[in-house]
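Participant: Structure provided below as C-alpha cells; questions to follow.
Numbering (our numbering), first residue to last: 10 to 140.
Put into C-alpha cells, the structure is as follows:
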C-alpha cells in the first residue's frame with residue numbers, strides 16, 4: 010500500500026510561473042518560460058520512492074514549512090554516493106505546481122518552484138548547484 014510519502018506524481022501543467030527573467034554568468038538567461046518548462050518536466054518525471062536504494066546516515070533537520078524533514082543518506086544506485094533527501098508528504102506537495110498553487114495559494118514554501126529552479130540551473134550548467 011502506498012503511503013502519502015511515496016505516492017508518485019505524474020500530472021503536467023501549462024501555466025507559466027510568475028517570475029522575472031534572471032541573468033546568470035555568461036550569456037545564459039533563466040526565464041519564466043524555462044522555469045515553467047522545468048517544473049512541468051519535473052512533475053512528469055516523478056517516480057515512486059524506492060527506499061531500498063537509500064540508507065539513512067542521519068537526520069539533518071526538520072523541514073517544518075514543508076511538513077517533512079531532510080536526511081543525509083547514501084544512495085546504493087549511485088555507488089554509495091552521499092545525498093541529501095528532503096522528504097515531504099505527496100498530499101501536501103501535490104502532483105504539479107499548478108495544483109499546488111490552487112490548493113495552497115498562501116503557502117510560504119513552494120516546493121515545485123524550488124525543484125524547477127534546480128532543474129533549470131542544472132540545464133543551464135550553472136556551476137554552483139546540486140543535481
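We treat Cβ as the ideally placed atom computed from N, Cα and C, and that holds for glycine.
Taking all protein chains shown into account, do 16 or more other C-beta atoms lie within 10 angstroms of the C-beta of residue 121, making it buried, or fewer, making it exposed?
Facilitator: Its Cβ being crowded by 16 or more others within 10 Å, residue 121 is buried.
Participant: Could you check if residue 129 is buried or exposed, using at least 16 other CB atoms within 10 Å of its CB as the buried criterion?
Facilitator: Its Cβ being crowded by 16 or more others within 10 Å, residue 129 is buried.
Participant: Can at least three beta-carbon pairs, one atom from the stretch 47–57 and one from the stretch 97–113, be found at a separation below 8 Å?
Facilitator: Output reads yes: the stretch 97–113 touches the stretch 47–57.
Participant: Please give me, in chain order, every unbroken run of the beta strand (DSSP E) with length at least 3 that falls completely inside the stretch 39–121.
Facilitator: DSSP runs (the beta strand (DSSP E)) wholly in the stretch 39–121: 63–72, 77–84 and 90–96.
Participant: Using the C-alpha atoms, what's the distance from residue 39 back to residue 124?
Facilitator: Near 14 Å, if we compare the C-alpha coordinates of residue 39 and residue 124.
Participant: From this set, 76, 78, 94 and 132, which residue's C-alpha is nearest residue 84's C-alpha?
Facilitator: Ranking the options by Cα distance to residue 84, first place goes to 94.
Participant: Below 8 Å CB to CB, which residues in the same chain sit around residue 1 once its five sequence neighbours on both sides are set aside?
Facilitator: Outside the shown range of the chain, which is 10 to 140, sits residue 1, and nothing can be said about it.
Participant: At a Cβ threshold of 8 Å, is residue 133 touching chain C?
Facilitator: Looking for chain C here will not work: only one protein chain is present.
Participant: Buried or exposed for residue 74, going by 16 or more other Cβ atoms inside 10 Å?
Facilitator: Under this definition residue 74 is an exposed residue.
Participant: Determine the DSSP secondary structure at residue 37, reduced to helix, strand or coil.
Facilitator: Correct three-state label for residue 37: coil.
Participant: If we call anything under 8 Å between Cβ atoms a contact, is residue 77 one with residue 57?
Facilitator: No.
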